[in-house]
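Asker:
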């Protein structure tokens with residue numbers, strides 16, 4: 033059974049700083065998703081990572097996948113307030129997504 | 030951009046009422062899903078469908094039921110709402126390796 037764990041659960045960071053969110057999964061997942069959710073809103077797709085060593089970047093966010101370590105990371109570069117949100121990773125197994133607990137990110141001046 | 034719609038967006042109802050949450054998508058996707066999410070918490074899969082006349086229960090036990098009579102439509106029904114059903118319900122469809130989410134229905138049962 034696929035299980036997905038994220039850490040940290042909460043992250044408070046200063047504008048301009050860098051940080052990484054980690055996503056570990058327990059068994060084989062043929063792809064890894066990252067989503068963003070603003071308070072009271074739905075999920076917005078950020079990245080889909082399909083293969084070992086995959087790296088995708090969009091603005092200040094960069095996601096990577098290491099299938100051997102069963103680890104994905106979401107790296108934030110020079111954080112800005114607009115990045116404040118909850119970030120979810122999700123593994124994929126038998127046509128279903130299994131979500132991590134989410135990381136609530138708050139960026140302050 | 031994903032074309033997946035949910036109605037109503039917000040609903041406040043009394044205990045014991047029957048309600049149906051609507052979800053529709055115009056992308057022709059066979060796979061559709063319902064998730065339940067408490068504010069700021071993880072998503073739990075409660076129902077999914079692989080196509081017309083296909084419905085399966087998800088990982089989280091739910092007192093709701095679903096139907097899939099048409100590809101584009103995947104409604105969720107609560108026969109008798111209870112305060113424990115208060116939550117956000119997110120519908121999603123999947124195609125081309127991507128899963129798209131609707132805007133959600135925030136349900137409050139008083």
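Chains as they are written, first to last, in this note's numbering: chain A, 33 to 141; chain B, 30 to 139.
Glycine included, every Cβ here is placed at the ideal spot set by N, Cα and C.
(1) Can you list the residues of chain A that residue 71 (chain B) reaches, using a CB-CB cut of under 8 angstroms?
(2) Measure the beta-carbon distance from residue 134 (chain B) to residue 50 (chain B) and round it to whole angstroms, keeping in mind my assumption that it falls under 8 angstroms.
(3) Along the region 82-101 of chain B, where does the CB come closer than 7 angstroms to a CB of chain A? Name the residues.
(4) Straight-line CA distance for residue 82 (chain B) to residue 58 (chain B)?
(5) Assign residue 87 (chain A) to one of two classes, buried (16 or more other C-beta atoms within 10 Å of its C-beta) or exposed (fewer than that).
(6) When the distance is taken between beta carbons, is residue 129 (chain B) closer than 9 angstroms to residue 128 (chain A)?
(7) Please list the terminal residues of the continuous beta strand (DSSP E) segment that includes residue 50 (chain A).
(8) Whole-angstrom Cβ separation of residue 105 (chain A) and residue 96 (chain A), contact assumed at under 8 angstroms?
(9) Taking the CB atoms as reference points, tell me whether residue 43 (chain A) and residue 135 (chain A) lie closer together than 9 angstroms.
(10) Below 9 angstroms on C-beta distance, what does residue 63 (chain A) contact in chain B?
(11) Under 8 angstroms between beta-carbons, which chain B residues line up against residue 80 (chain A)? List them in chain order, please.
(12) Classify residue 118 (chain A): buried if its beta carbon has 16 or more other beta carbons within 10 angstroms, exposed otherwise.
(13) Is there a C-beta anywhere in chain B that falls below 9 angstroms from the one on residue 83 (chain A)?
(14) Short of 6 angstroms in beta carbon distance, which residues of its chain neighbour residue 51 (chain A), apart from the five on each side in sequence? Order them along the chain.
(15) Ordered along the chain, which non-local residues of its own chain (more than five positions away) have a Cβ less than 8 angstroms from that of residue 104 (chain B)?
Answerer: By the coordinates alone:
(1) 120, 131, 132, 133 and 134
(2) 5 angstroms
(3) none
(4) 14 angstroms
(5) exposed
(6) no
(7) Taken as a continuous stretch (DSSP letters only), residue 50 (chain A) belongs to no beta strand (DSSP E), as it is neither H nor E.
(8) With a Cβ gap of about 5 angstroms, residue 105 (chain A) and residue 96 (chain A) count as contacting.
(9) yes
(10) 126
(11) 126 and 127
(12) Residue environment: residue 118 (chain A) is assigned as buried (16 or more neighbouring CB atoms within 10 Å of its CB, all protein chains considered).
(13) With 9 angstroms as the cut-off, residue 83 (chain A) does not count as an interface residue toward chain B.
(14) 45 and 108
(15) 49, 50, 51, 52, 95 and 96
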